[in-house]
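A.B. asks: Below is one structure. I have some questions about it.
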Amino acid sequence: MTKMKAAIRRNYGSPDQIRIESLERPVPEDNEVLIKVHATTVSRTDCANLTAKPFIMRFFLGLRKPRKIILGNDFAGEVAATGKNVDSFSIGDKVFGFNDMGSESQAEYLTTSIENVFRVPDQTDLKQAAASLEGAHYAYSFIQRTELRAGQNILINGATGGIGSALLQFVRPYDVRITATCNTRNIELIRSLGAGRIYDYTKEDFNKDPDHYDYIFDTVGKSTFGKCRPLLKEKGVYMSSELGPYFQNVYYPLLKSMSDKKVIFPIPYHKNRSAPYITDHLQKGTFRPVIDREFPLEELSRAYEYVLTGQKTGNVVIKI
Numbered sequence: 001m002t003k004m005k006a007a008i009r010r011n012y013g014s015p016d017q018i019r020i021e022s023l024e025r026p027v028p029e030d031n032e033v034l035i036k037v038h039a040t041t042v043s044r045t046d047c048a049n050l051t052a053k054p055f056i057m058r059f060f061l062g063l064r065k066p067r068k069i070i071l072g073n074d075f076a077g078e079v080a081a082t083g084k085n086v087d088s089f090s091i092g093d094k095v096f097g098f099n100d101m102g103s104e105s106q107a108e109y110l111t112t113s114i115e116n117v118f119r120v121p122d123q124t125d126l127k128q129a130a131a132s133l134e135g136a137h138y139a140y141s142f143i144q145r146t147e148l149r150a151g152q153n154i155l156i157n158g159a160t161g162g163i164g165s166a167l168l169q170f171v172r173p174y175d176v177r178i179t180a181t182c183n184t185r186n187i188e189l190i191r192s193l194g195a196g197r198i199y200d201y202t203k204e205d206f207n208k209d210p211d212h213y214d215y216i217f218d219t220v221g222k223s224t225f226g227k228c229r230p231l232l233k234e235k236g237v238y239m240s241s242e243l244g245p246y247f248q249n250v251y252y253p254l255l256k257s258m259s260d261k262k263v264i265f266p267i268p269y270h271k272n273r274s275a276p277y278i279t280d281h282l283q284k285g286t287f288r289p290v291i292d293r294e295f296p297l298e299e300l301s302r303a304y305e306y307v308l309t310g311q312k313t314g315n316v317v318i319k320i
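Be aware that the sequence shown starts at 1, since it is given in full-length UniProt numbering, and climbs by one per residue.
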């Protein structure tokens, strides 16, 4: 069998569990494609898959040990082989995709169902493509649960993350007034992406803002509905990409609210809905993923250590 390099871990834990080993190259099943990976990323989802934190991740990944030993969710590369039932892709096609339950993409090759694979727009390079899907996919889920109108007031908490930086670009065409939070070094970046007002969270607490908002998007889960509620207008909406303390962001939407202010938990749509939206923005030039740093596969542990600090800006790309 042909061999490939892959980043693996056989137990949950810290980045020092990660090893680069030589494994057998996978063979695509009938409805799968084999992809030669050129680039992948390390995201918060990857870190949750590595550490199995929160504990609920184990119910999806394997209770005692991970069912998939190869790490990675996002990928971009080219089709190297196709299953016998695949006629929508050909060898050499440039493709990208992701699976938040694990694509095993931090390797030289991967196999995956064609439902996880999409064509890369002509003007998008493979590093950009790898950084374009997961965060933007969740940002799309935020957008689709809003009724944005010109002149509305919105706040994006965590505007420099993979989700927040994509969401910031996606809301610009709606002609809304955008307030965003970031640290000092990213103020100019966030301004260039469309934020009108910016809170430097190292110096200011946005919860003391005298303004009121139609939507507050907490893309990093570092606030709560309780803290943000005073900032919401009547009929204002708080959304978070995280479960929240004691899973409150999941069950609050099920409770009858004491006021018109409410919580929406943006359960992600299927990738077949978000990918065309993201691809369209890439083609139009209205979305460009923010790339913070690049690491080779051999330095993957360092990439995870960096992302686990919570200080990344946009996306961290791994070159294969």
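Using N, Cα and C, we set each Cβ at its ideal position, and we do this for glycine too. Values in this document were obtained by computation on a predicted structure and should not be read as measured data.
Short check: CB of P268 to CB of K262, under 8 Å?
C.D. replies: No, these two residues do not count as a Cβ contact at 8 Å.
A.B. asks: Does chain C have any CB closer than 8 Å to the CB of V263?
C.D. replies: Included in the structure is just one protein chain, with no chain C present.
A.B. asks: Any idea which residues DSSP pairs K5 with across the strands?
C.D. replies: The partner list for K5 (beta bridge, DSSP) reads S22.
A.B. asks: Verify whether the separation of the beta carbon atoms of L282 and S132 is less than 8 Å.
C.D. replies: Yes; because the gap between Cβ atoms is below 8 Å, this pair is in contact.
A.B. asks: On the DSSP bridge list, what partners appear for F295?
C.D. replies: Answer is I318, bridged to F295.
A.B. asks: Going by DSSP in three states, residue 322 sits in which element: helix, strand or coil?
C.D. replies: In the structure displayed, the chain extends from 1 to 320; residue 322 sits before or after that span and is not available.
A.B. asks: Counting along the chain, where does the alpha helix (DSSP H) carrying S165 start and finish?
C.D. replies: Residues G162 to V171.
A.B. asks: For the beta strand (DSSP E) that contains I198, what are its first and last residues?
C.D. replies: R197 to D200 is the extent of the beta strand (DSSP E) around I198.
A.B. asks: If you draw a straight line from the C-alpha of I20 to the C-alpha of S165, how long is it?
C.D. replies: The alpha-carbon atoms of I20 and S165 are separated by roughly 31 Å.
A.B. asks: Am I right that S240 and G221 are in contact with their C-beta atoms under 8 Å? What's the rounded C-beta distance?
C.D. replies: Yes, they are in contact, since the Cβ atoms of S240 and G221 sit about 5 Å apart, within 8 Å.
A.B. asks: For A129, list the residues DSSP reports as bridge partners.
C.D. replies: The partner list for A129 (beta bridge, DSSP) is empty, contrary to what the question assumes.
A.B. asks: Report the CB separation of G135 from G161 in whole angstroms; it is logged as a contact under 8 Å.
C.D. replies: Yes, G135 and G161 are in contact; Cβ-Cβ is about 7 Å, under 8 Å.
A.B. asks: Identify the continuous beta strand (DSSP E) that holds G77 and give its terminal residues.
C.D. replies: That run of the beta strand (DSSP E) goes D74 to T82.
A.B. asks: Under 8 Å by Cβ, that's how I've got N31 and I114 pegged, so tell me the actual separation to the nearest angstrom.
C.D. replies: Sure, about 6 Å apart at Cβ, within 8 Å.
A.B. asks: Apart from the five residues just before and just after I8, which ones in its own chain have a Cβ nearer than 6 Å to its Cβ?
C.D. replies: Cβ neighbours of I8 beyond the five flanking positions: R19, E21, I69 and I70.
A.B. asks: With DSSP as the reference, identify every bridge partner of R177, one or two as the case may be.
C.D. replies: Answer by DSSP bridge pairing, in chain order: N153.
A.B. asks: Kindly indicate which three-state DSSP category T51 falls into: helix, strand or coil?
C.D. replies: The answer is helix: DSSP assigns T51 an H, G or I state.
A.B. asks: To which residues of the same chain is E294 closer than 8 Å at the C-beta, ignoring the five residues directly before and after it?
C.D. replies: Only K127, V316, V317, I318 and K319 meet the Cβ criterion.
A.B. asks: Between which two residues does the beta strand (DSSP E) carrying T40 extend?
C.D. replies: Where T40 is concerned, the enclosing beta strand (DSSP E) stretches over E32 to V42.
A.B. asks: Does the pairing of the segment 188–203 with the segment 168–176 give three or more beta-carbon distances under 8 Å?
C.D. replies: Touching, yes, given that three or more Cβ pairs across the two stretches are closer than 8 Å.
A.B. asks: Can you tell which of A107, D125, I91 and G72 has the C-alpha that lies nearest to the C-alpha of P289?
C.D. replies: Taking only the C-alpha atoms, the option nearest P289 is D125.
A.B. asks: For Q123, which option in V307, E104, T286 and T313 has the closest C-alpha, if you only look at C-alpha atoms?
C.D. replies: Of V307, E104, T286 and T313, the residue nearest in Cα terms is T286.
A.B. asks: Starting from the C-beta of Y277, find all residues in its chain whose C-beta is less than 8 Å away, skip the five residues before and the five after it, and write them out in chain order.
C.D. replies: Y140, listed in sequence order.
A.B. asks: Strictly by DSSP, which residues pair up with S240?
C.D. replies: Paired residues: D218.
A.B. asks: Let me know if H270 comes out buried or exposed under the rule of 16 or more other beta-carbons within 10 Å of its beta-carbon.
C.D. replies: Classification for H270: exposed.
A.B. asks: Starting from I264, follow the beta strand (DSSP E) in both directions and report where the run begins and ends.
C.D. replies: I264 -> beta strand (DSSP E) spans K262 to I264.
A.B. asks: Identify which residue in T309, L297 and G158 has its Cα closest to the Cα of M4.
C.D. replies: Of the listed residues, the one whose Cα sits closest to M4 is L297.
A.B. asks: In three-state terms, what does DSSP make of K284?
C.D. replies: Of the three classes helix, strand and coil, the one that applies to K284 here is helix, per DSSP.
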